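Here is the structure we will look at, set down as structure tokens.
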Amino acid sequence: MNPMKDMFLFLSRQTLLQKMLSTSGPFKIISKRFICGETLEEGTKGICHLNDSGISVTLDHLGESVFLESESLVAVKEYIEMLDCINQKKLNATVSLKLTQMGLDIKEELCLANLRRIMQKAQLHKNKVTIDMESSDYTDITIKIYKRMLQEGFNNAGIVIQSYLRRTEDDIRNMLSFGPRVRLCKGAYKEPKAVAFPKKSDVDKNYIKMLEIMFEKPSLDKGTYPEIATHDEKIINWVLEHAKKNNIPNDKFEFQMLYGIRRDLQDKLNQQGYRMRVYVPYGTHWYPYFMRRLAERPANLVFIMKSMLYR
Ligand code: FDA
Numbered sequence: 014m015n016p017m018k019d020m021f022l023f024l025s026r027q028t029l030l031q032k033m034l035s036t037s038g039p040f041k042i043i044s045k046r047f048i049c050g051e052t053l054e055e056g057t058k059g060i061c062h063l064n065d066s067g068i069s070v071t072l073d074h075l076g077e078s079v080f081l082e083s084e085s086l087v088a089v090k091e092y093i094e095m096l097d098c099i100n101q102k103k104l105n106a107t108v109s110l111k112l113t114q115m116g117l118d119i120k121e122e123l124c125l126a127n128l129r130r131i132m133q134k135a136q137l138h139k140n141k142v143t144i145d146m147e148s149s150d151y152t153d154i155t156i157k158i159y160k161r162m163l164q165e166g167f168n169n170a171g172i173v174i175q176s177y178l179r180r181t182e183d184d185i186r187n188m189l190s191f192g193p194r195v196r197l198c199k200g201a202y203k204e205p206k207a208v209a210f211p212k213k214s215d216v217d218k219n220y221i222k223m224l225e226i227m228f229e230k231p232s233l234d235k236g237t238y239p240e241i242a243t244h245d246e247k248i249i250n251w252v253l254e255h256a257k258k259n260n261i262p263n264d265k266f267e268f269q270m271l272y273g274i275r276r277d278l279q280d281k282l283n284q285q286g287y288r289m290r291v292y293v294p295y296g297t298h299w300y301p302y303f304m305r306r307l308a309e310r311p312a313n314l315v316f317i318m319k320s321m322l323y324r
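Those letters in the sequence shown? Residues 14 to 324, by our numbering.
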């Protein structure tokens, strides 16, 4: 149990606090540690900066838990503009989104219709879309919708899977037959023990186990593409050794990290010739995302406060 982590995850779900802090000047400044501005223009500036050094990006328009159809349509419009902008400016960037932002809590059919519009635009521009994974209440439906997109011919769809979930091995094994593009992360939500491993060491062990499965030759031959979304150097070093020992070429997988976290490691892997992609979030709905980043590393708050004092 980690009381600070639990506190930040609790705060991440408080809508009243979200309303108060999202518009507060000082908090907006603090959020910049992990959020690349509020507008598409600011988001794409962040991409250019990373692309210039050879790092690719996945762009996320922050938003989740939308309860009005009109809000979900605004999000779709933003993603369509984003895809057009990436194409126009020839940026090296894919996009990532959350299904609750597409209206999943309102109606599954609405979410599907919204997602389909984005997938179509992405396909037109030969771009890719990754569906983020939210709390475990949404795991089944997210996997179902991901598979539906593939069945509808959108082979530009990828999915996030979380190693903290006890079910994950079954989920990954069930996907291997069609060679999925899987962004493997540890998981960022508050989950009950019955659903997720409570011990970090078990989450990390399961992460490696999932990579071993995805890196098996038959999985790779089917087209499975592991996206290793972590800042954990132990896991990253394991991947480097495993790939070397098993002659897995660098283009059969990629590393991914979050904007503002371990920039040094991002550069190092990029310079060593590995594929490196950074998840760049932008938008005004940064509060829950920001709180989850604090939950992962509560010491961040102290660093941010200090850097504000010495600005
Ligand atoms: P771990 O927490 O063990 O951290 C390893 C090291 O990384 C730390 O020692 C520290 O140095 C650094 N670090 C980690 N978090 C930090 C932070 N917030 N600030 C500063 N340093 C930090 N989750 C989810 O549930 N659904 C999703 O869709 C996604 N999507 C996603 C995409 C991408 C590209 C990434 C990298 C991550 C996600 N996540 C996610 C978040 C993920 O589940 C996880 O919470 C974070 O990546 C932190 O875990 P690490 O794997 O880095 O390991």
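Where is the CB? At the ideal position from N, CA and C, for every residue including glycine.
These figures come from a predicted structure and were not determined experimentally.
Three-way DSSP call (helix, strand, coil) for residue i in this model
{"i": "residue 107", "result": "strand"}
{"i": "residue 198", "result": "strand"}
{"i": "residue 43", "result": "helix"}
{"i": "residue 229", "result": "coil"}
{"i": "residue 287", "result": "coil"}
{"i": "residue 301", "result": "helix"}
{"i": "residue 207", "result": "coil"}
{"i": "residue 349", "result": "Coverage of the chain is limited to positions 14 through 324, which leaves residue 349 absent and any answer about it impossible."}
Buried or exposed by the 16-neighbour rule on C-beta atoms within 10 Å, applied to residue i
{"i": "residue 15", "result": "exposed"}
{"i": "residue 237", "result": "buried"}
{"i": "residue 239", "result": "buried"}
{"i": "residue 29", "result": "exposed"}
{"i": "residue 250", "result": "exposed"}
{"i": "residue 217", "result": "buried"}
{"i": "residue 23", "result": "exposed"}
{"i": "residue 47", "result": "buried"}
{"i": "residue 219", "result": "buried"}
{"i": "residue 94", "result": "exposed"}
{"i": "residue 260", "result": "exposed"}
{"i": "residue 207", "result": "exposed"}
Residue i versus residue j: straight-line alpha-carbon distance, rounded
{"i": "residue 306", "j": "residue 230", "result": "35 Å"}
{"i": "residue 83", "j": "residue 135", "result": "22 Å"}
{"i": "residue 182", "j": "residue 198", "result": "13 Å"}
{"i": "residue 303", "j": "residue 44", "result": "6 Å"}
{"i": "residue 122", "j": "residue 315", "result": "44 Å"}
{"i": "residue 161", "j": "residue 262", "result": "30 Å"}
{"i": "residue 114", "j": "residue 37", "result": "23 Å"}
{"i": "residue 66", "j": "residue 255", "result": "26 Å"}
{"i": "residue 33", "j": "residue 27", "result": "10 Å"}
{"i": "residue 109", "j": "residue 159", "result": "13 Å"}
{"i": "residue 104", "j": "residue 241", "result": "22 Å"}
{"i": "residue 17", "j": "residue 309", "result": "9 Å"}
Residue-level contact to chain B via CB, residue i, 9 Å cutoff
{"i": "residue 147", "result": "Absent from the structure: chain B. Only one protein chain is present."}
Measuring CB atoms only, is the stretch 128 to 140 touching the stretch 176 to 187, in the sense that at least three cross pairs come out at less than 8 Å? No contact exists between the stretch 128 to 140 and the stretch 176 to 187.
Whole runs of the alpha helix (DSSP H) within the stretch 112 to 179, excluding any shorter than 4 residues: DSSP runs (the alpha helix (DSSP H)) wholly in the stretch 112 to 179: 121 to 137, 152 to 164.
Which runs of the beta strand (DSSP E), 3 residues or longer, sit entirely within the stretch 56 to 101? Complete beta strand (DSSP E) runs here, min 3: 69 to 74.
Would you list, in sequence order, the uninterrupted beta strand (DSSP E) runs of no fewer than 3 residues that lie entirely inside the stretch 234 to 275? As for any beta strand (DSSP E) of minimum length 3 sitting wholly inside the stretch 234 to 275, the runs are 238 to 242, 267 to 271, ordered along the chain.
If you pair each beta-carbon of the stretch 283 to 298 with each one of the stretch 263 to 272, do three or more pairs fall below 8 Å? Result yes; three or more Cβ-Cβ pairs closer than 8 Å.
Three CB pairs or more closer than 8 Å across the stretch 206 to 219 and the stretch 183 to 193: Contact between the stretch 206 to 219 and the stretch 183 to 193 is absent, because fewer than three Cβ pairs lie under 8 Å.
Taking contact to mean 3 or more Cβ pairs, one atom from each stretch, closer than 8 Å, check whether the stretch 58 to 66 and the stretch 124 to 134 are in contact. Cβ pair count under 8 Å is below three, so no.
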